[in-house]
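In my numbering, the protein residues as written are 414 to 579. All C-beta atoms in this analysis are idealised placements derived from N, C-alpha and C, irrespective of residue type, glycine included. In this text the structure is predicted, and so the values were computed from the model without any measurement. First comes the structure, then the notes that go with it.
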């Protein structure tokens, strides 16, 4: 069972993240339990997944939120992969899912996620984090509040700092 951060609390999670095979084929869906499938698998097997229930969709950095479209609003869980610290496309994916496509469920970051990225992820709408296994989860939790005031607007603060101080 994986430990992760959700809504600023450390919890256990038994979700199974499915990946595409090297040949691009889809992983077989287990009979039960929470699964998180790649966007391509969701788009190809939408009716089977909807019938099965208990699933989420995950985005790779090169996946486009537009391909999910209005389906985003009906999902309970979307995960976004951060394969490397230097790859920031997931921040944009998260923000687009929240602002443009009306996603209100759990937005989970996974991959190269650690304390220094937590506050920025939160500002883009992420509320769940699977932290690198070589990092301290309690320390990463503190990263959610590293910057209590931000100059710019974000999903966590709709007004810029200069407007809040007048």
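Asked                                                                                                             : Found
Any 3 or more C-beta pairs closer than 8 angstroms across the stretch 483-491 and the stretch 461-474             : yes
Anticipated Cβ contact below 8 angstroms, residue 527 with residue 545, distance rounded                          : 5 angstroms
Span separating the alpha-carbon of residue 492 from that of residue 520                                          : 6 angstroms
Member of 420, 425, 510 whose CA lies at the smallest distance from the CA of residue 479                         : 510
DSSP three-state assignment for residue 494, whether helix, strand or coil                                        : strand
Neighbourhood of residue 529 by C-beta, 7 angstroms cutoff - its chain only, sequence neighbours within 5 removed : 556
Among 513, 462, 552, nearest to residue 531 - alpha-carbon criterion                                              : 552
First and last residue of the uninterrupted beta strand (DSSP E) at residue 425                                   : 422-426
Residue 548 in three-state terms, based on DSSP                                                                   : coil
Local conformation of residue 447 per DSSP, three classes                                                         : coil
For residue 514 and residue 463, believed in contact at Cβ under 8 angstroms, the rounded distance                : 18 angstroms between Cβ atoms; not a contact.
Whole-angstrom C-beta distance between residue 554 and residue 423, which should lie under 8 angstroms            : 6 angstroms
Assigned secondary structure, residue 441 (DSSP; H/G/I helix, E/B strand, else coil)                              : coil
Bounding residues of the alpha helix (DSSP H) (the contiguous stretch that carries residue 509)                   : 502-512
Residue 459 versus residue 452 - alpha carbon distance                                                            : 10 angstroms
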